[in-house]
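Here is the structure we will look at, set down as structure tokens.
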């Protein structure tokens with residue numbers, strides 16, 4: 053019996069699981085193949101040492117890849133658990149994120165900053181309602197770090213107090229005679245968080261701003 057015939061008979065006797073693909077070869081199959089090949093080799097033409105070592109190296113590589121995959125899966129599970137704990141700790145904390153809107157709760161000021169260049173002569177923040185009507189307009193002044201902080205306590209242009217709700221924010225700064233729009237950075241409370249799949253990114257739901265990636269947060273307090 054030659055090597056090829058022995059190998060063919062081995063596969064003929066071996067039951068094939070239904071879920072295995074036709075082109076797959078497991079570790080047990082590989083080992084049985086190599087053992088059968090050694091048992092049925094021509095004693096006058098034994099397998100060369102180099103061939104034998106090459107097959108052993110292939111088996112070792114397959115086994116090592118399986119162990120490596122298992123290690124990676126364990127590491128991914130650990131990272132996912134760690135991310136979930138980090139995400140849970142963000143609920144009810146304040147984050148500073150780029151946003152064209154913010155929530156005023158009727159009591160606490162709506163706060164944030166506008167980043168302006170050092171040469172800017174000044175900046176203005178417009179607060180508008182859901183219909184786009186101007187509610188208030190605040191002058192803001194940049195500090196040494198180039199950030200112009202603002203705090204809107206709900207006072208309207210007429211001197212009244214605006215109702216609680218979500219408001220649109222539009223900022224502009226002036227350099228010389230030119231004015232340029234700037235996206236405000238707004239402080240908001242994290243209402244909830246979610247983890248986007250194993251090893252995925254953390255998504256935060258910020259009051260008055262909606263869901264967004266945690267990566268958008270500039271600061272967390």
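Residue numbers (the numbering used here): 53 to 273. Note that CB positions come from ideal geometry on N, CA and C, so glycine has one too. Treat the numbers as computed from the prediction; the structure is a model and nothing was measured.
- Of all alpha-carbon atoms in 167, 207 and 211, the one lying nearest the alpha-carbon of residue 233 is that of 167.
- Check the Cα spacing between residue 222 and each of 143, 186 and 239: the tightest is with 186.
- Exposure of residue 212 is indicated by the presence of fewer than 16 other C-beta atoms within 10 angstroms of its C-beta.
- When DSSP reads this structure, residue 221 sits in a beta bridge with 179.
- Residue 236 is not a Cβ neighbour of residue 183, given a cutoff of 7 Å.
- For the options 144, 238, 172 and 231, the alpha carbon positioned closest to that of residue 220 is the one of 238.
- Around the Cβ of residue 155, a 10 Å sphere holds 16 or more other Cβ atoms; the residue is buried.
- Residue range 254–258 is occupied by the beta strand (DSSP E) that includes residue 257.
- A straight line joining the alpha-carbon of residue 160 with that of residue 179 spans about 16 Å.
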